[in-house]
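Colleague: Numbering (the working numbering), first residue to last: 2 to 60. Positions of the beta carbon are idealized from the N, C-alpha and C atoms, including for glycine.
(1) State the start and end residues of the unbroken beta strand (DSSP E) segment that holds residue 22.
(2) Under the assumption that residue 36 contacts residue 54 (Cβ atoms under 8 Å), give the Cβ distance between them as a whole number of angstroms.
(3) With a threshold of 16 other CB atoms inside 10 Å of the CB of residue 48, please say whether the residue is buried or exposed.
(4) Rounded to whole angstroms, what's the CA-CA distance from residue 30 to residue 59? Just pull it up for me.
(5) What's the C-alpha gap between residue 10 and residue 19?
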């Protein structure tokens, strides 16, 4: 992942900063608790492709 690209990418939902998880190959938005995948070096910034990081609700 290009460090300069990471400096300009933001969460498409809240426009907040993203953290690069090199091991999981994801960009993490802590505010929305979402992880966007990086496939073949390309960040996939679609909300419907994001993985929810929030714990499941207990009913």
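Modeller: Taking the geometry as given:
(1) For the purposes of this step, residue 22 is taken as residue 21 along the chain shown, with counting starting at 1. Element bounds for residue 22: 20-22.
(2) For the purposes of this step, residue 36 is taken as the residue at position 35 of the chain shown. For the purposes of this step, residue 54 is taken as the residue at position 53 of the chain shown. Right, the Cβ-Cβ distance comes to about 6 Å (below 8 Å), so this counts as a contact.
(3) For this step, residue 48 is matched to residue 47 along the chain shown. Residue 48 comes out exposed.
(4) Numbered from 1 along the chain shown, position 29 holds the residue referred to as residue 30. Numbered from 1 along the chain shown, position 58 holds the residue referred to as residue 59. Going from the Cα of residue 30 to the Cα of residue 59 covers about 23 Å.
(5) What you label residue 10 is simply residue 9 of the chain shown in a count that begins at 1. What you label residue 19 is simply residue 18 of the chain shown in a count that begins at 1. The alpha-carbon atoms of residue 10 and residue 19 are separated by roughly 7 Å.
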